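Line by line, the protein sequences give chains A and B.
First residue of the first sequence? That's 127 in the numbering used here, and the numbers climb one at a time after it.
First residue of the second sequence? That's 23 in the numbering used here, and the numbers climb one at a time after it.
A virtual CB, placed ideally from N, CA and C, is assigned to each residue, including glycine.
For clarity, every value in this text was computed on a predicted model and none was experimentally measured.
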Amino acid sequence: MNLKTENGKPQEVVEMAKPPVKLWVLWLVLVFVGTLYWFAFVKWEYLAELRGLGVAPWLGAAGMVIRQGVNLFSGEIPDLSWQAAHLWTLLSVLITLLIAPALFLLNLRQLILDRLRNSASAKRTITGFIVGGVLCSPIFGMAPFIAVRQVEVYQSMHRGQTSQANRDAVTADLHQLAYKARVFYFVPTNLGGGGHRWKNIQVVSGNTRDFSLDDLHYTGPILGKIWGDLMPQSPSKFILETTKDDTVLTISGIGKQMGNDVKFANKDSQVGRVQVTVTVTPHTQKTQEDN
Amino acid sequence: MRLLTIFCMLAAVMYVGAFFMTRDPEVAVNAAGAVALIYLVVLVTTATKPPFPKKFRVWIMAVAFVSIACVATSWLTQFYQSHWQRTMLLTIRNTISHNWMADTLTTRSLQTLEAYHNRPQSSKESLADVFHRLNPGSSPGTTVMDTFFSDEGRKIVEALTHVESAADSEVVLLGRDELSPKQDSIFAVLGMKVGKPVARLRLTARGVKYEFEN
Numbered sequence: 127m128n129l130k131t132e133n134g135k136p137q138e139v140v141e142m143a144k145p146p147v148k149l150w151v152l153w154l155v156l157v158f159v160g161t162l163y164w165f166a167f168v169k170w171e172y173l174a175e176l177r178g179l180g181v182a183p184w185l186g187a188a189g190m191v192i193r194q195g196v197n198l199f200s201g202e203i204p205d206l207s208w209q210a211a212h213l214w215t216l217l218s219v220l221i222t223l224l225i226a227p228a229l230f231l232l233n234l235r236q237l238i239l240d241r242l243r244n245s246a247s248a249k250r251t252i253t254g255f256i257v258g259g260v261l262c263s264p265i266f267g268m269a270p271f272i273a274v275r276q277v278e279v280y281q282s283m284h285r286g287q288t289s290q291a292n293r294d295a296v297t298a299d300l301h302q303l304a305y306k307a308r309v310f311y312f313v314p315t316n317l318g319g320g321g322h323r324w325k326n327i328q329v330v331s332g333n334t335r336d337f338s339l340d341d342l343h344y345t346g347p348i349l350g351k352i353w354g355d356l357m358p359q360s361p362s363k364f365i366l367e368t369t370k371d372d373t374v375l376t377i378s379g380i381g382k383q384m385g386n387d388v389k390f391a392n393k394d395s396q397v398g399r400v401q402v403t404v405t406v407t408p409h410t411q412k413t414q415e416d417n
Numbered sequence: 023m024r025l026l027t028i029f030c031m032l033a034a035v036m037y038v039g040a041f042f043m044t045r046d047p048e049v050a051v052n053a054a055g056a057v058a059l060i061y062l063v064v065l066v067t068t069a070t071k072p073p074f075p076k077k078f079r080v081w082i083m084a085v086a087f088v089s090i091a092c093v094a095t096s097w098l099t100q101f102y103q104s105h106w107q108r109t110m111l112l113t114i115r116n117t118i119s120h121n122w123m124a125d126t127l128t129t130r131s132l133q134t135l136e137a138y139h140n141r142p143q144s145s146k147e148s149l150a151d152v153f154h155r156l157n158p159g160s161s162p163g164t165t166v167m168d169t170f171f172s173d174e175g176r177k178i179v180e181a182l183t184h185v186e187s188a189a190d191s192e193v194v195l196l197g198r199d200e201l202s203p204k205q206d207s208i209f210a211v212l213g214m215k216v217g218k219p220v221a222r223l224r225l226t227a228r229g230v231k232y233e234f235e236n
């Protein structure tokens, strides 16, 4: 059999050797080593300091971005200067995405060619192949699993955040409605207020069991202004109820997203939706998350 | 080896350059990652060129393609997720600030409104007079600070109420959360909305109007 060498000249090989390694076995070994690697990093936190020796660099960078968010949330200014962590991430990129794959693939090539030529591989080749394989195993061995898990986490976070954001939006809007209702309560009827009666509340649509914030002719929903395109909120439903003696006003807000209890009976005959209720008296207001 | 050295240097330069241009570690790692991607394509092509057996070449290219695609998926998902989370955290922070400000401003106004409409008919007190009576020392230009703590005792909001004007028929209050990050340049660098949450409340005999300034 003729094999073309790198300088282009044909080389005679006496006998075709059996494949030196089965690639699927090699891949399984890499997955196993990669799993051990990840497990070690999760189990022993101090190993995280050795990120440069081979754990997904993009995860380290993402951690830094989220830390900036936590700083902003706490009212602190995030530190945007160059830090040691940035150097580790750079090392991680160089080692796991450039050096380790090069060591692994080029030495794998040499091993296979050596075996096909029935010649012994140099110790350096074997060592380079093993070191390269171990260093890039967390990424290339585990890549499919990491990707699937990552997408699952992303989707789950979005689902959870959407439901919680909807609940927060309904709660914030209810607070605004409650304040407006209390203002309305104190203003005399000749100035357009309720004159100490909740029952005087007039909704533009004429239906107190299904109205939107726009019906109340006040400024728009608080969350709509803040959240904007980031987390667009579907319009919620609001239901006004007063006690017989007109001392307490109850406002229920029903969101569009599913709440924690999927069998929860909402006040507007829907099932399982987010629902928050605020109980209003002239001097107090109390919020309760129903679902 | 020379090719590897060149690509390593290029990745490092891209990483450091992108970081100092954007101050965003993920943009920096993306820049270096793009260089690494090009290198990986070159590497796989080089490592499987003849006389490498065709059977192995196909296998290695397939595994490399799947691995790189999976890494790219994970990489991009994480990129969008972390930026989304950072923006979301700031947004939640703004929501909390606005809710506390709305609470502070409206509570002061409600007390004034109730007292104004319940005052004796013979009283000649204006809206501003009632406001000053209930909030001593709150002449126009003065500022009051309300501090709110979390359940763990941590200071979370410093709602600053500034009396902008107090005429006979209208009192205007301006609210601002002092604890929100205030270095606008930081937000500009991160490509985020600039400034602190600010709200204005107009109190008249007919009620209150709450407006967002930021």
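Quick check: what's the CA-CA separation for residue i versus residue j?
i                    : j                    : result
leucine 223(A)       : glutamine 103(B)     : 22 Å
leucine 303(A)       : arginine 293(A)      : 15 Å
glycine 286(A)       : alanine 188(A)       : 20 Å
threonine 70(B)      : leucine 112(B)       : 49 Å
arginine 45(B)       : serine 207(A)        : 8 Å
aspartate 190(B)     : threonine 109(B)     : 42 Å
asparagine 121(B)    : alanine 221(B)       : 10 Å
phenylalanine 243(B) : glycine 39(B)        : What the structure shows of chain B is the stretch from 23 to 236, and residue 243(B) is not part of that stretch, so it cannot be assessed.
serine 144(B)        : alanine 227(B)       : 17 Å
proline 47(B)        : valine 159(A)        : 28 Å
asparagine 157(B)    : asparagine 197(A)    : 35 Å
tyrosine 37(B)       : arginine 193(A)      : 20 Å
isoleucine 365(A)    : arginine 308(A)      : 16 Å
valine 406(A)        : glycine 229(B)       : 17 Å
isoleucine 380(A)    : valine 57(B)         : 50 Å
isoleucine 114(B)    : phenylalanine 199(A) : 8 Å
Under 8 Å between C-beta atoms, does residue i make it to chain B?
i                 : result
tryptophan 184(A) : yes
aspartate 81(A)   : Residue 81(A) lies beyond the range of chain A shown here (127 to 417); nothing can be said about it.
proline 227(A)    : yes
isoleucine 238(A) : yes
leucine 261(A)    : no
arginine 285(A)   : no
arginine 235(A)   : yes
arginine 308(A)   : yes
aspartate 294(A)  : yes
tryptophan 324(A) : no
threonine 215(A)  : yes
glutamate 415(A)  : no
glycine 318(A)    : yes
glycine 379(A)    : no
alanine 269(A)    : yes
alanine 248(A)    : no
glycine 258(A)    : no
alanine 188(A)    : yes
Hey, could you find the ends of the alpha helix (DSSP H) residue i is sitting in?
i                    : result
arginine 193(A)      : 183-199
arginine 79(B)       : 76-139
isoleucine 28(B)     : 24-44
phenylalanine 390(A) : Neither: phenylalanine 390(A) is in no alpha helix (DSSP H) and is coded neither H nor E.
serine 289(A)        : 269-312
Within 8 Å (strictly less), CB to CB, does residue i reach chain A?
i                   : result
asparagine 121(B)   : yes
phenylalanine 87(B) : no
serine 96(B)        : yes
glycine 159(B)      : no
alanine 17(B)       : Here chain B has residues from 23 to 236 only, and residue 17(B) is not among them.
glycine 229(B)      : yes
proline 47(B)       : yes
glutamate 136(B)    : yes
glutamine 205(B)    : Its pLDDT being 45, under 50, glutamine 205(B) is placed unreliably in this model, and the value from its coordinates should be taken loosely. It does: the Cβ of glutamine 205(B) has a partner Cβ on chain A nearer than 8 Å.
serine 104(B)       : yes
The beta strand (DSSP E) that contains residue i, what's its start and end?
i                : result
glycine 197(B)   : 193-199
glycine 55(B)    : Taken as a continuous stretch (DSSP letters only), glycine 55(B) belongs to no beta strand (DSSP E), being part of the alpha helix (DSSP H) at 47-69.
threonine 413(A) : 411-415
valine 404(A)    : 399-406
glutamine 383(A) : 375-384
arginine 222(B)  : 220-226
glutamate 367(A) : 363-368
Please indicate yes or no: does the CB of residue i lie closer than 7 Å to some heavy atom of the ligand PLP?
i                : result
isoleucine 60(B) : As presented, the structure is devoid of all ligands, the ligand PLP included, so that no description of it is given.
Can you pull out the residues from the region 383-413 of chain A whose beta carbon lies closer than 7 Å to at least one beta carbon of chain B?
none
Taking Cβ-Cβ distances below 9 Å as the criterion, which residues of the region 64-78 of chain B are in contact with chain A?
Leu65, Val66, Thr68, Ala69, Thr70, Lys71, Pro72, Pro73, Phe74, Pro75, Lys77 and Phe78
Counting Cβ pairs closer than 8 Å, one from the region 242-260 of chain A and one from the region 51-58 of chain B, do we hit at least three?
no
Check each residue of the region 28-44 of chain B: if its Cβ is closer than 7 Å to any Cβ of chain A, include it; give the result in chain order.
Phe29, Cys30, Ala33, Ala34, Tyr37 and Phe41
Contact between the region 73-91 of chain B and the region 234-245 of chain A (3+ Cβ pairs under 8 Å):
yes
Counting beta carbon pairs with one atom in the region 304-324 of chain A and one in the region 370-381 of chain A, are three or more of them shorter than 8 Å?
yes
Three Cβ pairs or more, each shorter than 8 Å: is that satisfied between the region 124-135 of chain B and the region 154-170 of chain B?
yes
Does the contact criterion of 3 or more C-beta pairs under 8 Å hold for the region 266-284 of chain A versus the region 88-108 of chain B?
Touching, yes, given that three or more Cβ pairs across the two stretches are closer than 8 Å.
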